[in-house]
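Right, one structure below, let's go through it.
In this note's numbering, the protein residues as written are 1398 to 1586.
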């Protein structure tokens, strides 16, 4: 399997190397939080990851690292489980120059997620967004419907906790998504 294209490399969105022309490539990693406990005395926002969820987050972090994904920024919902999912990715070796919580990502629909992505400065080349179902799966599923099975199209078929899609996008984040934004890698735990 070819690695995910680096946002600073000259590669095509499908992962095949090209000679030139991809200087404006950006990567968006959409991830549903890992498995969480069903109840918390702190309410839904306070639900923590299960032991299996923490392990799955680290596994996804290793996979992203193996794919060559190097985040510049990470945005999570304010929930404990999304923050702990990011901690799991970090424990597996991923890091980012900045990370923050966006209140709009909690209970977000796809449009809320798009607005959050569009607000990111263009010096961020690789962005990780960790959120919740149904918003994350619906957004990725909308992009996946354009693709055949085996080419990322399976991303619309179900999103268990810790599922992740890597989306290639050309140009400014303010224009995300456009007709060329496409899933370049997808993984279910």
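Just so you know, even glycine gets a beta-carbon here, dropped at the ideal spot from N, CA and C. Everything numeric in this text was worked out from a predicted model, so none of it was measured.
| Check | Outcome |
| --- | --- |
| Validate contact between the region 1512-1523 and the region 1563-1574 using beta carbons, cut 8 Å, 3 pairs | yes |
| Three-way DSSP call (helix, strand, coil) for residue 1491 in this model | coil |
| Residue 1488, buried or exposed, once every other Cβ within 10 Å from all chains shown has been counted against 16 | exposed |
| Proximity of residue 1564 and residue 1461 at Cβ, strictly below 9 Å | no |
| Residue 1506 beta carbon less than 9 Å from that of residue 1531 | yes |
| As assigned by DSSP and simplified to three states, the class of residue 1582 | strand |
| Nearest-angstrom Cβ-Cβ length linking residue 1454 and residue 1473, presumed shorter than 8 Å | Going by Cβ atoms, the distance from residue 1454 to residue 1473 rounds to 12 Å, so no, they are not a contact pair. |
| Classification of residue 1495 by the beta-carbon crowding that lies within 10 angstroms, buried from 16 upward | exposed |
| Three-state class that DSSP yields for residue 1522 in the structure shown | coil |
| Segment limits, alpha helix (DSSP H) that includes residue 1540 | 1532-1541 |
| Helix, strand or coil at residue 1483 according to DSSP, with G and I counted as helix | helix |
| Counted within 10 angstroms of its Cβ, other Cβ atoms place residue 1436 as buried (16 or more) or exposed | exposed |
| Burial state of residue 1566 (16 or more Cβ within 10 Å) | buried |
| Between the CA atoms of residue 1529 and residue 1561 - distance to the nearest angstrom | 11 Å |
| 8 Å contact criterion, which residue 1586 and residue 1457 should meet: CB distance rounded | 7 Å |
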